[in-house]
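S.K.: Residue numbers (this note's numbering): 23 to 375.
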Ligand code: MRU
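If you want it as structure tokens, here you go:
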């Protein structure tokens, strides 16, 4: 089952409502680009590749619902839909990457409006299928880094739910498991939204991969005491030098791993690399509602005192120097990242020509 899929009968976008997992598996249907943007903002769908593809289908919905009678009007509507979708979440570059890819295709095409509507839907579908294929390729490359018997610390959710299907870092772990390697996963619970404890644990149960959930602040202990051999996480945006923005807490995890000589791998499709940014300090970091921090309960009780305030950055930047390798669909990249990243991006562009 795909995390998000075009519903051919209803001509709309069907997505798993990830806010309800693991308690309930329910779908949500989006009929307009604005509804897709709101689903992205509210975390119905999350994970960089998944929100990129959701945005592409959002563009397809804008096109399908358009009543424009001429090309400039049609373009204007698409540009506006693109703006709304891009603004939904600022850190993952996959969102603007997907919107821009659709807009570029439209600008360069001389097709009629009705043909364009079909072409845009086809392009979104293509991005969805490509995402699955790219994840499989990353999994194959990344699984070579995992040894039989490894215990791996994993942060956030990077599985099928964070993508169209299969996953990035969790896809690598799944591939290693399915190839017969014995792996054990220490699942960072990933506060404040608990993507690890809720979503990664749910996925691992289904794949039959052994795991234990750990509180985020326990990771250093496991690394220091030799109880974890690797760290794997995904990425929402990677700068040209290899600095990578990922779920808040990734930086501390990478620091602790580095201090203990444990390899750290990030698994990112080349669409997550933003070559326009020289370093990670330039990546916009989403700050979400303090309610996500303040609303936590323990044993049925609200944790914080009434009137407490909170800060809630959703991502942090792990400097490239803390990364051992970057797994992409074109292979594993090692330092110097600023040179080797450019080479694999060129390979990807070459593939598309
Ligand atoms: O806020 P989220 O749940 O969208 O954050 C997701 C992550 O940080 C993932 O690690 C990231 O998107 C890369 S893996 C698909």
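We put the beta carbon where it would ideally sit given N, CA and C, even for glycine.
These numbers were taken from a predicted model, which means no experiment stands behind them.
#1: Along the beta strand (DSSP E) that carries residue 243, what are the first and last residues, could you check?
#2: Pick out whichever of 200, 60 and 176 has its Cα sitting closest to the Cα of residue 208.
#3: Would you give the residue range spanned by the beta strand (DSSP E) that residue 28 belongs to?
#4: For the ligand MRU, any of its heavy atoms closer than 7 Å to the Cβ of residue 256?
#5: State the Cα-Cα distance for the pair residue 75 and residue 120, rounded to the nearest angstrom.
#6: I'd like to confirm the pairing. Which residues does DSSP put opposite residue 253 in its beta bridges?
#7: Would you mind giving the Cβ-Cβ distance between residue 283 and residue 342, rounded to the nearest angstrom? I have them listed as a contact below 8 Å.
#8: Figure out for me which residue from 158, 234 and 41 has the closest Cα to the Cα of residue 182.
#9: Which parts of the segment 75-133 are runs of the beta strand (DSSP E), unbroken and 3 residues or longer, counting only runs that do not cross its ends?
#10: How long is the line joining the alpha carbons of residue 356 and residue 367, rounded to whole angstroms?
#11: So, using beta-carbon positions, are residue 340 and residue 293 closer together than 8 Å?
#12: Is it right to say residue 148 is buried, meaning 16 or more other beta carbons lie within 10 angstroms of its own, or is it exposed?
#13: Would you mind stating whether residue 276 and residue 337 have Cβ atoms separated by less than 8 Å?
#14: Along the chain, where does the alpha helix (DSSP H) containing residue 302 start, and where does it finish?
#15: What does the Cβ neighbour count give for residue 361, buried or exposed, with the cut at 16 atoms within 10 Å?
#16: Any idea if residue 116 is buried or exposed, counting beta-carbon neighbours within 10 angstroms, 16 or more meaning buried?
#17: Given 7 Å as the limit, tell me if residue 247 has its C-beta closer than that to any heavy atom belonging to the ligand MRU.
#18: Please confirm whether residue 168 and residue 198 have their CB atoms less than 8 Å apart.
#19: Give me, in chain order, the residues of the same chain whose beta-carbon lies closer than 6 Å to that of residue 236; leave out the 5 immediate sequence neighbours on both sides.
#20: Which residue from 221, 160, 211 and 70 puts its Cα closest to that of residue 193?
#21: At the level of alpha carbons, what is the spacing between residue 310 and residue 63?
#22: Is there at least one Cβ from chain D nearer than 8 Å to residue 243's Cβ?
#23: Hey, could you find the ends of the alpha helix (DSSP H) residue 160 is sitting in?
#24: Is the beta carbon of residue 286 closer than 8 Å to that of residue 253?
#25: Kindly provide the ranges of any beta strand (DSSP E) runs that are 3 or more residues long and lie completely inside the segment 317-368, ordered along the chain.
#26: Is residue 76 near the ligand COA, with its Cβ less than 7 Å from a heavy atom?
#27: Is residue 190 near the ligand MRU, going by C-beta to nearest heavy atom under 7 Å?
#28: How big is the Cα-Cα spacing for residue 152 and residue 73?
#29: Below 8 Å on the Cβ atoms is my contact criterion, and I expect residue 346 with residue 249 to pass it. Report the Cβ-Cβ distance as a whole number of Å.
#30: Is there at least one non-hydrogen atom of the ligand MRU closer than 7 Å to the beta-carbon of residue 71?
#31: Residue 302 to residue 91, Cα distance in whole Å?
#32: Considering only their Cβ atoms, is the gap separating residue 25 from residue 306 smaller than 8 Å?
#33: Is residue 314 helix, strand or coil when you go by DSSP?
#34: Which one of 316, 280, 270 and 260 has the shortest CA to CA distance from residue 364?
#35: Go ahead and label residue 49 buried or exposed: buried means 16 or more other beta carbons lie within 10 angstroms of its beta carbon, across all protein chains shown.
#36: Got a sec? Which residues, its chain only, sit under 7 Å from residue 84 by beta carbon, not counting five neighbours each side?
M.R.: According to the data block:
#1: Where residue 243 is concerned, there is no enclosing beta strand (DSSP E), although the alpha helix (DSSP H) it sits in stretches over 241-246.
#2: 176
#3: 26-29
#4: yes
#5: 7 Å
#6: Answer is 175 and 286.
#7: With 8 Å as the limit, residue 283 and residue 342 do not qualify as a contact, their Cβ atoms being about 17 Å apart.
#8: Per the C-alpha coordinates, the member of 158, 234 and 41 positioned closest to residue 182 is 158.
#9: none
#10: 14 Å
#11: no
#12: exposed
#13: Residue 337 is positioned such that its CB atom lies no closer than 8 Å to that of residue 276.
#14: Residue 302 -> no alpha helix (DSSP H), and no H or E assigned at all.
#15: Looking at its Cβ environment, which holds fewer than 16 other Cβ atoms inside 10 Å, residue 361 is exposed.
#16: It counts as buried.
#17: no
#18: yes
#19: 208
#20: For the residues 221, 160, 211 and 70, the minimum Cα distance to residue 193 belongs to 160.
#21: 10 Å
#22: Among the chains of the structure shown, chain D does not appear; only one protein chain is present.
#23: 135-165
#24: Closer than 8 Å, so yes.
#25: 337-340, 347-350 and 353-355
#26: As far as ligands go, the structure on display features the ligand MRU and does not contain the ligand COA.
#27: Flag set: Cβ of residue 190 near the ligand MRU.
#28: 14 Å
#29: Not really, about 18 Å apart at Cβ, beyond 8 Å.
#30: Yes - the ligand MRU has a heavy atom lying nearer than 7 Å to the Cβ of residue 71.
#31: 43 Å
#32: no
#33: helix
#34: Taking only the C-alpha atoms, the option nearest residue 364 is 260.
#35: exposed
#36: 55, 99, 100 and 103
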